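To keep things clear, I will list the structure first and then write my remarks on it.
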Amino acid sequence: MIHRRGLLMAGLLAGAAPVARAQGRWPERPVRLIVGYPAGGPTDFAARILQEPLQQAWGQPLVIENRAGASQVIASEAVARAAPDGYTLFLAASTHTSNPAIHPRLPYDTLADFTPVVIIYSSPSVLFTGADQPYRTAQDVVEAARRQPGVAFASSGNGSSGHFALEMFRRKAGIEITHVAYRGAAPALQDVVGGRVPFTFSTLSGAVGLARQGKLRALAIAASHRVETLPDVSTLAEVGLEIPDTSPWYSIMGPARLPEPIVRRITADVQALLRRPDFARRIVEQGGVIEGAGPEEFAERIRREIAANIEVARAANIRIE
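Under the working numbering, the first residue of the sequence shown carries the number 16, and numbering increases by one thereafter.
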C-alpha cells in the first residue's frame, strides 16, 4: 500500500486553491525551477515529472535549470538570493537538512532563507547486500559485525544519506563498521553486487533496478513503513533496530517570504497531481513513496531532521571541509 503521508489534508488544501487564484494572477510569466543536481539523476527526475503537468495547470512554461555542485549548496544559494515573487522555485532534495550538519560554513541560513512548500515524494534508504551473500535479515548483518568487527559498508559518499543511515544503524546495533565512501551511488552499488563490499544503505530509487534484476538483496527498510515496491521486506523498527527515518525526499521550496497565496497554490496543485493514479504510479515504479506534506508539516520535518543530522554528524565526525 502506498503510504501517503501529508495527503490527509489534501482535500482542504485543494479547496483553498481557488482562494489563492483569486488573490493574485500568478504566474504571469515563465517560472524557473532550480535543481541542485545534474540532469538524469533522481532529483532531476522529480523536476521532470512535474514539468508538463504544472505547465498545464499554470498556463506558463516551467523552466528547469540544473545548477549542480557542492551537494546542492550552489543551487540553494541561488534560491536564497532570489526575489520571493514565485518565479524562482527550488526542487530541493533532503541534503538540504544534512548540509548544515556537515558543512562548517554555508552561504545561507537553512531555516531563515527558505519557504518550505510541499514534499513530493521520498525514497527510503534500504539495507542491501549482494545476491551471492549469505545474509537474509538485518539481524544477520548485526551478528556478522559482532563476529568480525569493522565489517565494511559502502555509501555513495561522505555525508550522503546512506552514510547517515549506516552511522545510525551502527549506533543502534552497537557494532563496529568500516565506512567505504564512493563517489556516487553507482560505483558503490556495483561493488556490493560484485561482492567486494558486503553491505550498503542505498536509496531504493537508486537500487530498484538492480534489485529487480536479482543482483541485490534487500534486508530491511530504514523508514517508518514498508514500501509497495518491496512488500515482503521488513522495516528496521520491526526487528528492533529502529533508526530515525533517513529517507531522501524531493520537494518544492522557495525563497524566504514567498507569498502565502502562491505557497497554497503550488501546494494544492502538486497534491492534486499526487492523487492522480497515473502520476503516482510513475513515482512508485521508480522506488518512490508518495508524500504530499504541506508547508507546516514540511517545516517541522526540516527542523527535526537538521537536529538529528547534527547529532549524528558530531558523534561520527562527519564533515565536509
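Note that beta-carbon positions come from the ideal geometry of N, C-alpha and C, so glycine has one too. Please read all numbers here as calculations on a predicted model, not as lab measurements.
Give me, in chain order, the residues of the same chain whose beta-carbon lies closer than 6 Å to that of residue i; leave out the 5 immediate sequence neighbours on both sides.
i, result
"Phe294", "Leu288"
"Pro164", "Glu191"
"Ala331", "Glu182"
"Trp41", "Gly101, Ile277"
"Glu320", "Thr112"
"Arg334", "Ile117"
Please return the same chain residues whose Cβ sits closer than 8 Å to the Cβ of residue i, not counting the five positions on each side in sequence.
i, result
"Met268", "Val94, Leu104, Phe105, Ala107, His111, Phe129, Thr130, Pro131, Val132"
"Val88", "Gly51, Asn114, His118, Leu121, Pro122"
"Glu80", "Arg47, Leu48, Ile49, Val50"
"Arg82", "Ile49, Val50, Gly51, Ile89, Ala90, Ala93"
"Pro53", "Asp59, Asn81, Ala83"
"Gln38", "Annotation note: pLDDT 41 at Gln38 (below 50); position unreliable, coordinate value reported separately. Pro276, listed in sequence order."
Report the residue from the options whose alpha carbon sits nearest the alpha carbon of residue i.
i, options, result
"Leu77", "Gly307, Arg63, Leu181", "Arg63"
"Gln205", "Thr193, Arg186, Gly229, Gly189", "Gly229"
"Leu256", "Arg227, Ala54, Arg272, Ala237", "Ala237"
"Asp284", "Ser138, Gly74, Pro53", "Gly74"
"Val141", "Ile135, Ala200, Ala98", "Ala200"
"Arg44", "Glu92, Val212, Gly101", "Gly101"
"Ile134", "Trp41, Arg82, Glu312, Asp247", "Glu312"
"Pro270", "Val327, Ala116, Arg96", "Arg96"
"Arg329", "Arg297, Pro149, Arg186, Thr193", "Arg186"
"Ala127", "Arg211, Ala159, Arg316, Arg272", "Arg272"
"Gly189", "Arg161, Pro57, Gln66, Ile298", "Arg161"
"Val208", "Gln286, Phe143, Ile298, Ile258", "Phe143"
"Val299", "Ser137, Thr250, Pro259, Pro274", "Ser137"
"Ala85", "Arg198, Glu158, Ile281, Pro259", "Arg198"
"Pro139", "Ile281, Thr282, Ser249", "Ser249"
"Val212", "Thr193, Pro99, Ala226, Ala72", "Thr193"
Measure the beta-carbon distance from residue i to residue j and round it to whole angstroms, keeping in mind my assumption that it falls under 8 Å.
i, j, result
"Val156", "Leu234", "6 Å"
"Thr261", "Ala196", "Between Ala196 and Thr261 the Cβ distance is about 16 Å, and since that is not below 8 Å, they are no contact."
"Ala252", "Ser239", "7 Å"
"Phe214", "Ser170", "Phe214 to Ser170, Cβ: 10 Å. No contact."
"Pro263", "Ser91", "Contact flag wrong, Cβ pair sits at about 16 Å."
"Ala314", "Arg232", "Not confirmed; about 37 Å, so no contact."
"Ala322", "Arg316", "So it is not a contact: roughly 11 Å between Cβ atoms."
Per DSSP, which one or two residues make a beta bridge with residue i?
i, result
"Phe60", "None, per the DSSP bridge assignment."
"Ala167", "Thr193"
"Phe129", "Pro270"
"Asn2", "No statement about residue 2 is possible, as the shown extent of the chain runs from 16 to 336 and does not include it."
"Trp264", "Ser137"
"Val338", "Residue numbering for the chain in the displayed model covers 16 to 336; residue 338 lies beyond these limits and cannot be assessed."
"Phe294", "According to DSSP, Phe294 bridges with nothing at all."
"Thr103", "Arg47"
Enumerate in chain order the residues of its own chain whose CB-to-CB distance from residue i is below 7 Å, with the five nearest sequence positions on each side excluded.
i, result
"Asn324", "Thr112, Ser113, Ala116, Phe179"
"Gln154", "Val254"
"Gln349", "Here the chain covers residues 16 to 336 and nothing more, so residue 349 does not appear."
Are the stretch 239-259 and the stretch 161-175 touching, with three or more C-beta to C-beta distances below 8 Å?
-> no
Touch test, the stretch 294-303 against the stretch 216-224, Cβ-Cβ under 8 Å, three pairs minimum | yes
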